[in-house]
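In this text, residue positions in the sequence shown follow full-length UniProt numbering: the first is 1, and each later residue adds one. Glycine residues also receive a C-beta, built at the ideal position from the N, C-alpha and C atoms. I have placed the structure first, in the form of structure tokens, so that the comments after it can refer back to it.
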Amino acid sequence: MLISQSEMVDRLVSHISADKNFRAIKYYGFLSNRKQGEALPLVYDLLDQEEPVESKPLNYTQIMHYLARIDPYERILCDDRMSFVSTVFLNSCNGIIKSINDIFYSL
């Protein structure tokens, strides 16, 4: 049995009953997990489109520059820039107090 592409799409769409099931169409054809890696670049070529490039996630400083237009590491009083040394993850108030004591007594 040989059918046209438009008839194939019509038959496939006829099996979609409600809006909640519409996402099931992504599991067929070139969007299926098995075929996506090899077929999707071909689809982009046929449509004369560039493949989307994944961007790097923004860090805290870049987000603050973009959203608030401020430099979070800027020292207001001396017009200098702070440097990031490390991150401390604490589980309890005792950990916070211990870390504060360690910082102040090490000066």
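The alpha helix (DSSP H) spanning residue 104 covers which residue range?
93-106
Residues of its chain near residue 82, where Cβ-Cβ distance is below 7 Å and the 5 sequence neighbours each way are ignored
73 and 75
Within the stretch 20-77, ranges of the alpha helix (DSSP H) (whole runs, at least 4 residues):
33-46 and 60-68
Identify, in the order they occur along the chain, each residue of the same chain with its Cβ nearer than 8 Å to the Cβ of residue 28, setting aside the five sequence neighbours on each side.
12
First through last residue of the alpha helix (DSSP H) which encompasses residue 13
5-14
Whole angstroms is fine: what's the gap from residue 45's alpha carbon to residue 31's?
15 Å
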